[in-house]
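Here the sequence shown stands for residues -20 to -1, 1 to 157, numbered as in mature numbering (1 follows the signal peptide of the UniProt record, and there is no 0).
Worksheet for the structure shown next.
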Amino acid sequence: MKRSSHIALVLMGTSPLLLTACSRESADEGLYTSAQACIEQTNDSYSCNQAFEQAQREYAQAAPQYATREECVAAHGADQCQVVRQQQGSSIFMPMMAGYIMGRMLSGNRVSGLAGTPAFRDRAGGFQRPVAGANGVYRAGSLGRPAMAPVQMAANQKPTASRGGFGGQGSQRSSGG
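And the structure:
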């Protein structure tokens, strides 16, 4: 392959990243332990309830599954695991949904998208979330379990906004009154 052809292919592959970096959209994300906690922080009952319901629907696909209770407790801590009976009659162990992450895509002052993702406790008491790959499908981690990533935000706090542009971030704040 010619060098110029190789460079053209590399540039074609990176152009979506460059365009995304210049986007004017921002993502507004918060971690909540319940829909009520979300409503108290955001005053947006519709979005909080929609995201909570979506997280509950995604729970079965997103939660890691374990063959034994001991494996689940080792990964998520005591009192965080439950037995789930499958249609075939067998049982697996899964961590309970300890909260959810509500993400809103904002375009200017308008909400242009809403997502709810389940969150689980890790054995140290922190939160973790499944890692979504292409098309929102959860990536497989070890042993066929969804790959998990630590959540780097405090629960039940005002949401933080991740701004478009070259990695800029900001916090959404209210002046209070």
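No residue lacks a Cβ here, since even glycine has one placed at the ideal position from N, Cα and C.
Owing to the predicted nature of the structure, the values given are computational and were not obtained by experimental measurement.
Short of 7 angstroms from the beta carbon of Q66, and not among the five residues preceding or following it, lie these beta carbons of its own chain, in chain order: I72. When beta bridges are read from the DSSP output, S70 appears opposite no residue.
Fewer than three Cβ pairs drawn from the segment 43 to 56 and the segment 5 to 23 lie within less than 8 angstroms of each other, which leaves the two stretches out of contact. If the five residues before and after V53 are omitted, its C-beta is found closer than 6 angstroms to the C-beta atoms of C61, all from its own chain and listed in chain order.
Taken through DSSP and simplified to helix, strand or coil, A112 comes out as strand.
Remark: C-beta atoms of G96 and Q16 do not approach each other more closely than 8 angstroms. Around A78, the same chain offers T13, Q60, A99, F100, R101, F107 as residues with beta carbons nearer than 8 angstroms, after the five sequence neighbours per side are excluded. Per DSSP, reduced to three states, the secondary structure at A104 is coil, with no helix or strand assignment.
T22 carries a helical assignment under DSSP once its states are collapsed to helix, strand and coil. Ranked by how close their Cα comes to the Cα of M128, the residues A42, F32, Q36 have A42 in first place. Counting along the chain, the unbroken alpha helix (DSSP H) around A55 starts and ends at 49 to 56.
When the Cα atoms are used, V111 and Y26 turn out to be separated by approximately 25 angstroms.
Nearest in C-alpha terms to A40, of all of L11, V64, Q68, is V64. Here A15 carries a helix assignment [DSSP, helix/strand/coil]. According to the DSSP assignment, R125 belongs to no beta strand (DSSP E), since it is labelled neither H nor E.
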